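The opening position of the sequence shown corresponds to residue 1 in the UniProt record's numbering, with each subsequent residue numbered one higher. Note that beta-carbon positions come from the ideal geometry of N, C-alpha and C, so glycine has one too. Note that the structure is predicted; figures quoted are calculated from it, not measured. Reviewing the structure listed below.
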Amino acid sequence: MATDYVVINKANWDERAPEHARSPAYACQTLINNPEALSDVVRFDMPRLGDISNLDVVHLQCHIGTDTLSLARLGARSVVGLDFSSASLHEARQLVADADCGERVRFVEAEVEKAVQALGRHCFDVVYTGIGALYWLPDIKAWAKTVSELLRPGGMLFIREAHPIWRTLDETTEDGLKFKYPYFEQEEPMLFEFPGTYVPLGSGKAEFEAQKAVQWNRGLAEIVQAVIESGLQIVGLHEHQSLPWDALPGRMLRGADGEYELREGKERLPLSYTLQAIKLSRR
Numbered sequence: 001m002a003t004d005y006v007v008i009n010k011a012n013w014d015e016r017a018p019e020h021a022r023s024p025a026y027a028c029q030t031l032i033n034n035p036e037a038l039s040d041v042v043r044f045d046m047p048r049l050g051d052i053s054n055l056d057v058v059h060l061q062c063h064i065g066t067d068t069l070s071l072a073r074l075g076a077r078s079v080v081g082l083d084f085s086s087a088s089l090h091e092a093r094q095l096v097a098d099a100d101c102g103e104r105v106r107f108v109e110a111e112v113e114k115a116v117q118a119l120g121r122h123c124f125d126v127v128y129t130g131i132g133a134l135y136w137l138p139d140i141k142a143w144a145k146t147v148s149e150l151l152r153p154g155g156m157l158f159i160r161e162a163h164p165i166w167r168t169l170d171e172t173t174e175d176g177l178k179f180k181y182p183y184f185e186q187e188e189p190m191l192f193e194f195p196g197t198y199v200p201l202g203s204g205k206a207e208f209e210a211q212k213a214v215q216w217n218r219g220l221a222e223i224v225q226a227v228i229e230s231g232l233q234i235v236g237l238h239e240h241q242s243l244p245w246d247a248l249p250g251r252m253l254r255g256a257d258g259e260y261e262l263r264e265g266k267e268r269l270p271l272s273y274t275l276q277a278i279k280l281s282r283r
């Protein structure tokens, strides 16, 4: 499975990318029509992300590029979106071209593990990883090492991710939330079958051919420790009561900011977190 996960997951994302580009949840047409529009994800991140004007940014696991484009609109000098899905990058390049923002944004096809080989060492001021990314990767320490090698001294890692405690829950139960999946990182991955996807589809398509997905979870301390061991200093860690998608169907409400919160007891369960770290020295 360790060698097959890329093939399995790439097929999953390649089939869904065109449908995601047409989904109202990603609002691609709004981003094209309005040169000041930002994705809901980046808008949520802005207060903690801070000023990225004139900085070189790499967006790992960029998918169809809505957040990548939004980072450029925040004033970044350059933004590179990296993803292993050729279909996702096709949609991303088309989005950026249609939005007339191609002069500061480019996309590179590569696995995260090969990002340094594809992009070079110490080339970026910001490594940005959007929500829903880390649990597709098999080794959190290898990911943190890649981030450190991509960053210049003084550069920042910014990640918002689904909370690992949420990742342990069985979202299919109707009689209360129950733990089902590992909290700590395991050597063997979890294999899922998803006939659909996490956003409503404009085409009305309900089922995909590529239904398998391979994922890993890891605890919050494992993630923090991997970042520290890679040579970065944690400067911010925030837990949130919301996610950008309806992760627990029937139990969530969507707010005006596009985020979903639990209908009841939202103070009992963190759904996502933001982590910020600075690279102190060349390493």
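Item                                                                                                                                    : Value
Which of helix, strand or coil DSSP assigns to residue 10                                                                               : helix
Residue 57 in three-state terms, based on DSSP                                                                                          : strand
Alpha helix (DSSP H) runs contained entirely in the UniProt domain "Methyltransferase" (57-155), provided each spans 4 or more residues : 66-73, 86-98, 115-119, 140-150
8 Å Cβ cutoff met for residue 71 and residue 90                                                                                         : no
Neighbourhood of residue 148 by C-beta distance below 7 Å, restricted to the same chain and skipping five residues each side            : 230, 231, 232, 279, 283
Selected residue, minimal CA-CA separation from residue 74, among 95, 63, 47, 62                                                        : 47
Extent of the continuous beta strand (DSSP E) to which residue 49 belongs                                                               : Per DSSP, residue 49 belongs to no beta strand (DSSP E); it is in the alpha helix (DSSP H), 40-49.
CA-to-CA distance, residue 125 to residue 182, given in whole angstroms                                                                 : 34 Å
Contiguous beta strand (DSSP E) assignments of at least 3 residues, all confined to the stretch 166-244                                 : 190-193, 212-215, 232-240
Meets three-Cβ-pair contact criterion under 8 Å: the stretch 154-169 and the stretch 125-134                                            : yes
Whole-angstrom C-beta distance between residue 171 and residue 248, which should lie under 8 Å                                          : 5 Å
Of the residues 150, 21, 77, the one placed nearest residue 200, counting alpha carbons only                                            : 21
Residue 263 in three-state terms, based on DSSP                                                                                         : coil
Residue 228 burial status per 10 Å Cβ neighbour count (16 or more: buried)                                                              : exposed
For residue 216 and residue 270, believed in contact at Cβ under 8 Å, the rounded distance                                              : That pair is no contact at about 19 Å.
7 Å Cβ shell around residue 218 - same chain, five flanking residues per side excluded                                                  : 140, 164, 184, 185
Contacts around residue 26, its chain only, beta-carbon distance under 8 Å, and the 5 residues preceding and following it disregarded   : 20, 39, 64, 66, 199
Proximity test, residue 23 beta-carbon vs the ligand MG heavy atom, cut-off 7 Å                                                         : The ligand MG is not among the ligands present in this structure, which contains no ligands whatsoever.
Cβ-Cβ distance between residue 226 and residue 144 below 8 Å                                                                            : yes
Three-state secondary structure assigned by DSSP to residue 287                                                                         : No answer is possible for residue 287: it lies beyond the span of the chain, which begins at 1 and ends at 283.
Residue 250 versus residue 281 - alpha carbon distance                                                                                  : 47 Å
Residue 134 to residue 13 span [Cα, whole Å]                                                                                            : 15 Å
With 16 other Cβ atoms within 10 Å as the buried cut-off, status of residue 2                                                           : Per-residue confidence for residue 2 stands at a pLDDT of 47, beneath the threshold of 50, marking its modelled position as unreliable; the derived number appears in the next sentence. By the 10 Å Cβ count, residue 2 comes out exposed.
Residue closest to residue 52, alpha-carbon to alpha-carbon, out of 79, 115, 30                                                         : 79
Candidates 242, 273, 224, 190, of which the one nearest residue 264 by Cα                                                               : 242
DSSP three-state assignment for residue 36, whether helix, strand or coil                                                               : coil
Whole-number beta carbon distance between residue 62 and residue 81, since they are thought to touch under 8 Å                          : 3 Å
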